[in-house]
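Positions in the sequence shown are counted from 1; adding 7 to them yields this note's numbering.
Everything below concerns the one structure shown next.
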Amino acid sequence: MNGLGLLFIAAILAIGAQAHATTHPNPLENEALFDTSDVVVHGLVVESRVEADAAGRPVTISTVFPFDVFKGTPGATLTLRQLGGVLPDGRFFVVPGRPEYAPGDEVLVFAVPHPDGDYQTAELSAGRFEVRYDDAGEPFAVSTTPAAVGGRWNNGASATWRIDGLVNIAGGGLAETAGAIAAWNNEPHSDIAYQVIPSGSNTIHLDALTSPCGWTTCISGGGVIGCGGYGGFGSHVWRGEQYSTITHGEMWLRSYCTLGGFDSITTQSVITHELGHTLGLGHPAQDDTRPPDACPGDQGLAIMRSTVQHRLSLGTDDSDAVRWLYGDGGSSCEGDPPSGDVVVLTAPSTPPRGEIAVLRATVTSTVPIRWVKFFVDDPGTGGELLKCTDKSAAFACNYKPTRAGVHRLRARAYTLSGLLAESAVVTMTVQQ
Ligand SMILES: [Zn+2]
Numbered sequence: 008m009n010g011l012g013l014l015f016i017a018a019i020l021a022i023g024a025q026a027h028a029t030t031h032p033n034p035l036e037n038e039a040l041f042d043t044s045d046v047v048v049h050g051l052v053v054e055s056r057v058e059a060d061a062a063g064r065p066v067t068i069s070t071v072f073p074f075d076v077f078k079g080t081p082g083a084t085l086t087l088r089q090l091g092g093v094l095p096d097g098r099f100f101v102v103p104g105r106p107e108y109a110p111g112d113e114v115l116v117f118a119v120p121h122p123d124g125d126y127q128t129a130e131l132s133a134g135r136f137e138v139r140y141d142d143a144g145e146p147f148a149v150s151t152t153p154a155a156v157g158g159r160w161n162n163g164a165s166a167t168w169r170i171d172g173l174v175n176i177a178g179g180g181l182a183e184t185a186g187a188i189a190a191w192n193n194e195p196h197s198d199i200a201y202q203v204i205p206s207g208s209n210t211i212h213l214d215a216l217t218s219p220c221g222w223t224t225c226i227s228g229g230g231v232i233g234c235g236g237y238g239g240f241g242s243h244v245w246r247g248e249q250y251s252t253i254t255h256g257e258m259w260l261r262s263y264c265t266l267g268g269f270d271s272i273t274t275q276s277v278i279t280h281e282l283g284h285t286l287g288l289g290h291p292a293q294d295d296t297r298p299p300d301a302c303p304g305d306q307g308l309a310i311m312r313s314t315v316q317h318r319l320s321l322g323t324d325d326s327d328a329v330r331w332l333y334g335d336g337g338s339s340c341e342g343d344p345p346s347g348d349v350v351v352l353t354a355p356s357t358p359p360r361g362e363i364a365v366l367r368a369t370v371t372s373t374v375p376i377r378w379v380k381f382f383v384d385d386p387g388t389g390g391e392l393l394k395c396t397d398k399s400a401a402f403a404c405n406y407k408p409t410r411a412g413v414h415r416l417r418a419r420a421y422t423l424s425g426l427l428a429e430s431a432v433v434t435m436t437v438q439q
């Protein structure tokens, strides 16, 4: 190892456990990361493209030109295969915590072999460091947080699953898997319908000795214990925001080296966490904008935290996330919204042209509404939204129609966390 290499390794060791804040349960110490990796390279990402793997899943193939090779023999370039990405035809697969490589990135990569050949980053994003330089030109390495993602099933999160392999614990993990699925299905304010059947179309791997998530060995101590992701095609709008449409999911629980290597509660926690990823949930500390978080402060008890939890039930942060994506839009701190029309818009049906018409939105939600926004669907009709009041219980806005014809109007109510509901369209016929 040359002097520069020693600097890099010293730099990442100095970062310590904090460098692994983005990883899954049980962060691996940097020394252990070096030991378990087959290849450690400092280099420049020169290319990144997405192809379909043998199973038809998008896989991102990145080429790293090595400046220094600290371990292993990667060849003239290091080829990394990372599950996930978007194919040219629009099919996508997302693995929260996956490292991203863009051409031009200077990186320090810890890699292990990929089951399909070439290499993959060890331990998801824990094995990728961005290389930076201080004012004196000395290099240092920092871990980076992968970008937030937004995916959602558009079918009520109805999906069938099959089990592949058994956990190396008494009972094989079947009860833990059932418990994990029940935790999501039984969330009282949302509709999730996951089901295990022998011919399920999505797979729960319970004994993955290798995976496309950065491991090629069983786990006996630290390291990534599981990963999960979702794939699909296209997008849809939900509560006013665009989501990638999830059509399938897959999760892997890493093989335990010894019988009972992790206990039943930990096992169920990990399966619950990974299934949460297949529902489109990220890690709360990192992806706190998706879904929006109306009730900060409870992430520490979330099962979706990136470090392994030892609990069977969802935290309030987890519940709020699925209430947003698959439920009533309420939350643990804001309360339950009522059923029925949350926003009712009223407007004069035949106002005179050129005079001010008052639009009113009445909000029946018990969830605090922060503001209401009015929309004119067809601005070509000719009209102008003027002064609005948005702090009172009855939200009102002045609208001045400037052209005769039909004007289509809507109102949207926003909570602190985002859009809660939209009114029905109201039409207004303006006389000549
Ligand atoms: Zn995770």
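Glycine included, each C-beta is placed from N, C-alpha and C at the ideal position.
Computed from a predicted model, the values in this text were never measured in an experiment.
Alpha-carbon to alpha-carbon, L416 and D384: Their Cα atoms are separated by approximately 6 Å.
Counted within 10 angstroms of its Cβ, other Cβ atoms place E257 as buried (16 or more) or exposed: Taking all protein chains in view, the Cβ of E257 is crowded by 16 or more other Cβ atoms within 10 Å, so the residue is classified as buried.
Within 8 Å, strictly: CB atoms of D335 and H196: In this structure, D335 places its C-beta atom within 8 Å of the C-beta atom of H196.
Euclidean distance between Cα positions of G158 and I272: One C-alpha to the other measures close to 28 Å.
Beta bridge counterpart(s) of W378 as assigned by DSSP: W378 is bridged to Y421.
Residues of its chain near T373, where Cβ-Cβ distance is below 8 Å and the 5 sequence neighbours each way are ignored: The residues G342, D343, P344, P345, in chain order, have a CB closer than 8 Å to that of T373 in the same chain once the five nearest residues on each side in sequence are set aside.
Between the CA atoms of R139 and F74 - distance to the nearest angstrom: Spanning the two alpha carbons is a distance of roughly 14 Å.
Integer-rounded CB distance, given that V174 should sit under 8 Å from T314: Not quite, the Cβ-Cβ distance comes to about 20 Å (not below 8 Å), so this is no contact.
Among D270, V349, D96, T128, the one whose alpha carbon lies nearest that of G241: Ranking D270, V349, D96, T128 by Cα distance to G241 puts D96 first.
Selection from T128, D171, A200 that minimises the alpha carbon distance to N161: The option with the nearest alpha carbon to N161 is A200.
Cα-Cα separation between G63 and P219, rounded to whole angstroms: In a straight line, the C-alpha of G63 is about 14 Å away from that of P219.
Endpoints, beta strand (DSSP E) assigned at D75: Note, D75: beta strand (DSSP E), 65-78.
Euclidean distance between Cα positions of A431 and G163: Cα-Cα distance, rounded: 22 Å.
Assigned exposure category for C264 - 16 Cβ within 10 Å defines buried: By the 10 Å Cβ count, C264 comes out exposed.
Within 8 Å, strictly: CB atoms of V71 and L51: The beta carbons of V71 and L51 sit closer together than 8 Å.
C395 - partner residues in DSSP beta bridges: Per the DSSP secondary-structure output, C395 pairs in a beta bridge with C404.
H284 CB to nearest heavy atom of ligand 1 below 7 Å: Checking every heavy atom of ligand 1 against the Cβ of H284, one is found closer than 7 Å.
Euclidean distance between Cα positions of S326 and S339: If I take the Cα positions, the gap works out to 8 Å.
Residue of T357, R105, S262 minimising C-alpha distance to G172: Residue S262 is the option with its Cα nearest to G172.
Spatially closest choice to P205 from G180, Q316, L213, T167, by CA coordinates: Here the closest residue by C-alpha is T167.
Closer than 7 Å: H290 CB and nearest ligand 1 heavy atom: The answer is yes for H290.
Residue of F402, G247, R377 minimising C-alpha distance to W331: Here the closest residue by C-alpha is G247.
Buried versus exposed, by CB contacts within 10 Å (16 or more), A420: A residue is called buried when at least 16 other Cβ atoms come within 10 angstroms of its Cβ; A420 meets this threshold and is buried.
In chain order, each alpha helix (DSSP H) run of at least 4 residues that lies wholly inside the segment 163-239: Entirely contained in the segment 163-239, the alpha helix (DSSP H) runs reaching 4 residues are, in chain order, 181-192.
Buried/exposed call for W378, threshold 16 Cβ in 10 Å: W378 should be labelled exposed.
F269 - partner residues in DSSP beta bridges: When DSSP reads this structure, F269 sits in no beta bridge, so it has no partner.
Limits of the unbroken beta strand (DSSP E) element including R318: Per DSSP, R318 lies in no beta strand (DSSP E) and is assigned neither H nor E.
P3: CB within 7 Å of a non-hydrogen atom of ligand 1: Past the boundaries of the shown model lies residue 3; the chain is included only from 8 to 439, so the question cannot be answered.
Any non-hydrogen atom of ligand 1 closer than 7 Å to G322 Cβ: G322 has its CB no nearer than 7 Å to any heavy atom of ligand 1.
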